[in-house]
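What follows is a set of notes on a single structure, which appears directly below.
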Amino acid sequence: MNLLRVRSMLEEAGRRGRERWGSSSSSETSEGLSSTPSIPSQQSNTTMRVPRAATLSDGEMLQRARAAYTSEDFVSLAAGPEAKGPWLRVEAVGRFVVFRKQVADSKVGTNSDSNELEVLCAGRLDASLEEVASILRSNSEGELNSAMSALYSKSFIFGSYEREIPCTTDQDDDGCEYLVVKTKSFARTSMLGRNEQWCYFDYFRRKDERDGFTVTKRALPAAELIPGRIVGESTHVDQLYGLNASYLVEKLPDRKGLRVVFRAWFESPESEEDQARDSRSTLSRSSRRQSSNSSSSSGSQSKINRADTRKYKERMGRLLAMAHGVTHLPKLVRRRRFGLQEPADRSAIQAQNTRCPCGNAYYRS
1 MNLLRVRSML EEAGRRGRER WGSSSSSETS EGLSSTPSIP SQQSNTTMRV
51 PRAATLSDGE MLQRARAAYT SEDFVSLAAG PEAKGPWLRV EAVGRFVVFR
101 KQVADSKVGT NSDSNELEVL CAGRLDASLE EVASILRSNS EGELNSAMSA
151 LYSKSFIFGS YEREIPCTTD QDDDGCEYLV VKTKSFARTS MLGRNEQWCY
201 FDYFRRKDER DGFTVTKRAL PAAELIPGRI VGESTHVDQL YGLNASYLVE
251 KLPDRKGLRV VFRAWFESPE SEEDQARDSR STLSRSSRRQ SSNSSSSSGS
301 QSKINRADTR KYKERMGRLL AMAHGVTHLP KLVRRRRFGL QEPADRSAIQ
351 AQNTRCPCGN AYYRS
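Next up, the structure:
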């Protein structure tokens with residue numbers, strides 16, 4: 001009788017789940033009940049429903065990348081920061097200047113401003129479009145690691161080349177679009193922090209006027225399966241969910257050189273993965289505090305605020321580190337130019353004067 005009763009309870013739970021989530025999720029519910037049967041309890045209200053990992057098709061990934069490109073306001077990005085806007089100048093390196101979004105101290109760590117975590121780096125660069133494109137649009141994993149190591153030095157750990165998505169079937173196309181799924185791992189920005197990994201798609205697109213190009217980078221959610229993603233508490237690696245970035249590189253009008261603008265930000269409100277993790281940690285902290293002392297609600301709230309402030313500083317540190325790496329573009333361009341030069345053949349050069357300018361001694365080779 002007990003087995004029949006449990007079976008009837010599971011069938012009733014499955015029927016209610018199908019009615020709630022719709023017929024599209026009925027197969028997932030039945031599989032979950034058959035593999036790990038459980039009786040509903042009071043803890044079901046605090047349990048987050050984790051979606052199954054999936055991989056988007058090439059067409060879906062390309063559609064998402066083009067939608068992200070369309071939603072980006074590159075016209076405003078080319079204009080740079082507003083003169084009286086909410087931008088605070090952080091540093092200037094050569095012809096590049098780094099800005100961050102200025103937020104009041106009372107709003108740090110809150111959701112009052114949807115774009116409080118945002119940085120901007122703008123400057124001029126004496127280079128050709130092909131030189132900069134070869135750095136920002138890497139064609140292999142080796143090129144990716146070489147370029148990122150030059151820009152970020154020891155703060156960059158490793159990058160992987162996960163998946164390349166074909167953008168067109170036209171054989172005459174000369175690389176107007178280029179879409180790749182990549183990962184980048186960075187060293188921690190604070191002493192007590194963890195190393196971080198960014199899983200994202202990289203969408204390169206040339207402008208229709210052929211006077212520049214854009215690069216759109218968007219973080220991939222945890223629900224999407226990526227072989228190179230490092231997950232788990234034992235790995236001590238934080239995932240940079242919601243981290244997005246964009247590049248605009250174009251020729252200066254009636255002037256020599258290029259305009260380079262880089263923008264990076266964290267999405268807000270936070271992703272579902274971060275909300276689930278934060279809610280679970282907040283509930284566990286509050287439950288421990290309530291069990292020990294019921295009158296310590298103000299103390300637990302102050303701890304949560306300090307945790308939010310710490311998280312804000314860690315994310316802002318990551319954004320500023322990424323923006324600072326863009327200021328190293330001129331050095332990397334010059335280094336690559338020098339690397340392409342062939343060394344002179346000293347045996348083919350004959351000295352016009354074989355005497356030492358400081359005496360009468362002859363040169364000896």
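For the sequence shown, position 127 matches number 127 in UniProt numbering, and the numbering has no gaps at all.
Where is the CB? At the ideal position from N, CA and C, for every residue including glycine.
Put simply, of 81, 158, 236 the residue whose alpha carbon is nearest the alpha carbon of residue 193 is 236. Every beta strand (DSSP E) of 3 residues or more that sits fully in the region 73–153 is shown, in chain order, as 87–93, 96–101, 118–125. With distances taken between CA atoms, residue 96 lies nearest to 329 out of 329, 336, 338.
Selection 144, 127, 182 evaluated against residue 249 yields 127 as nearest (Cα-Cα).
Counted as a single uninterrupted DSSP element, the alpha helix (DSSP H) harbouring residue 59 occupies residues 58–71. Within 10 angstroms of the beta-carbon of residue 217 lie 16 or more other beta-carbons, which makes it buried.
Note on the region 172–202: whole beta strand (DSSP E) runs with a minimum of 3 residues are 177–186, in chain order.
With at least 16 other beta carbons inside 10 angstroms of its own, residue 148 counts as buried.
Counted as a single uninterrupted DSSP element, the stretch harbouring residue 230 is not any beta strand (DSSP E), since DSSP gives it neither H nor E. Taking a contact as a CB-CB distance under 8 Å, the pair residue 241 and residue 221 counts as one, their CB atoms being some 7 Å apart. Residue 325 and residue 151 have their C-alpha atoms roughly 5 Å apart.
Secondary structure note for residue 222: it is in no beta strand (DSSP E), with a DSSP letter that is neither H nor E. Sorting 255, 243, 336 by C-alpha distance to the C-alpha of residue 312 places 243 at the top. With respect to residue 245, residue 219 sits apart: the two C-beta atoms are not nearer than 7 Å. The Cβ atoms of residue 119 and residue 323 lie closer than 7 Å to each other. Contact between residue 183 and residue 196 does not hold, since their C-beta atoms are separated by about 11 Å, which reaches or exceeds 8 Å. Taking C-beta atoms under 8 Å as the contact rule, residue 141 and residue 155 fail to qualify, at a distance of about 19 Å.
When secondary structure is reduced to three states using DSSP, residue 211 falls in the coil class, being assigned neither helix nor strand.
Per DSSP, residue 333 has no beta bridge partner at all.
Secondary-structure assignment with DSSP links residue 319 through no beta bridge to anything. Residue range 243–251 is occupied by the beta strand (DSSP E) that includes residue 246.
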